[in-house]
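Each remark here refers to the structure printed beneath this line.
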Amino acid sequence: MSVVSDVIVPARAPYSAILKQGQVMKIIDLESQQAVDALFYNAQDSSERYSAQDTLAAQAAAGEKFYLENGSVLLSNEGEKMVRIIADTCGFHDSCAGACSCESNTVRFGHETRFMHACRENFLIELAKYGLGKRDLVSNVNFFMNVPIRPNGELTVDDGVSEPGGYVELLAEMDVLVLISNCPQVNNPCNGFKPTPIRIVITQS
Ligand SMILES: [Zn+2]
Numbered sequence: 002m003s004v005v006s007d008v009i010v011p012a013r014a015p016y017s018a019i020l021k022q023g024q025v026m027k028i029i030d031l032e033s034q035q036a037v038d039a040l041f042y043n044a045q046d047s048s049e050r051y052s053a054q055d056t057l058a059a060q061a062a063a064g065e066k067f068y069l070e071n072g073s074v075l076l077s078n079e080g081e082k083m084v085r086i087i088a089d090t091c092g093f094h095d096s097c098a099g100a101c102s103c104e105s106n107t108v109r110f111g112h113e114t115r116f117m118h119a120c121r122e123n124f125l126i127e128l129a130k131y132g133l134g135k136r137d138l139v140s141n142v143n144f145f146m147n148v149p150i151r152p153n154g155e156l157t158v159d160d161g162v163s164e165p166g167g168y169v170e171l172l173a174e175m176d177v178l179v180l181i182s183n184c185p186q187v188n189n190p191c192n193g194f195k196p197t198p199i200r201i202v203i204t205q206s
């Protein structure tokens, strides 16, 4: 196994990489409780992209969990396998609560948060490097983000449960463009109110 790249993504920063079919991306939550927002596109045809709806519907049909975990397969809007989770120390990852944006921050936390940096901006910065933009944003995965469902059906963003050094490993089932926002949110507990760096290692067998 050889290391293709090994980088530290600073707190609040964006990241992207093309993951070749068969390569593995390991995302490490270095200090714990850090939400890592992620989007996936077919590297050859960006009109094929991650579909949270198809992924969660397939899991429901198979009697699996509402969350992503070891063994989960992330599907595209064309029903193709994009990425498979092959190792996971956390146990569940959200794909329902979406990414933070300046606009949603004002609704959720007040207008004074309008100028705080947000995941949507991180995604747009990285998308621009590939000729993509706002209309290419779709529902994302939130690795390490704790979004429990209350008995009354309510969704909440709760304290993160990932430990320092916790990780998830993603096997590319096709060539995928992976976009990551190391979430800058400080108005809810998704990052323990303190965004921290993550490490991303790509390996090739
Ligand atoms: Zn965020």
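Residue numbers (our numbering): 2 to 206. Glycine included, C-beta positions come from ideal geometry on N, C-alpha and C.
Here the segment 36-45 lies against the segment 158-178, with 3 or more beta-carbon pairs under 8 Å apart.
When DSSP states are grouped into helix, strand and coil, Ala59 belongs to the helix group. If you look at Ile201, you'll find it in the beta strand (DSSP E) that goes Ile199 to Gln205.
Counting only unbroken stretches of 3 or more residues, the beta strand (DSSP E) elements lying wholly within the segment 122-194 are 142-144, 167-173 and 177-183, in sequence order.
Separation of Tyr168 and Leu156 (C-alpha to C-alpha, rounded to the nearest whole angstrom) is 24 Å.
Relative to Phe145, the option among Ile87, Lys130, Asp159 and Pro152 whose CA is nearest is Asp159.
Non-local beta-carbon contacts of Val139 in its own chain, meaning distances under 6 Å to residues more than five positions away in sequence, involve Arg50 in chain order.
Val8 is classed as exposed because its beta carbon has fewer than 16 other beta carbons within 10 Å across all chains shown. Take the alpha-carbon of Pro185 and the one of Ala59: they are about 31 Å apart. For Pro15, the beta-bridge partners assigned by DSSP are Ser182.
Just so you know, the alpha carbons of Leu133 and Arg151 end up roughly 37 Å apart. Ala12 has its CB no nearer than 7 Å to any heavy atom of ligand 1. Distances from the CB of Cys97 to the heavy atoms of ligand 1 are all 7 Å or more.
With contacts defined as CB atoms closer than 8 Å, Tyr16 and Asn183 qualify as a contacting pair. Not one heavy atom of ligand 1 is found less than 7 Å from the C-beta of Pro165. When beta bridges are read from the DSSP output, Met26 appears opposite Leu171 and Ile203. For the set Ser206, Ser163, Asn153 and Gly80, the Cα lying nearest the Cα of Asn143 is the one of Ser163. For Asn43, the enclosing beta strand (DSSP E) stretches over residues Val37 to Asn43. Going by DSSP, Arg115 is part of no beta strand (DSSP E) at all; its letter is neither H nor E. Secondary structure note for Ser105: its alpha helix (DSSP H) is the uninterrupted segment Cys103 to Phe110. If you look at Ala88, you'll find it in the beta strand (DSSP E) that goes Lys82 to Asp89.
Around Met26, the same chain offers Leu20, Leu171 and Ile203 as residues with beta carbons nearer than 6 Å, after the five sequence neighbours per side are excluded.
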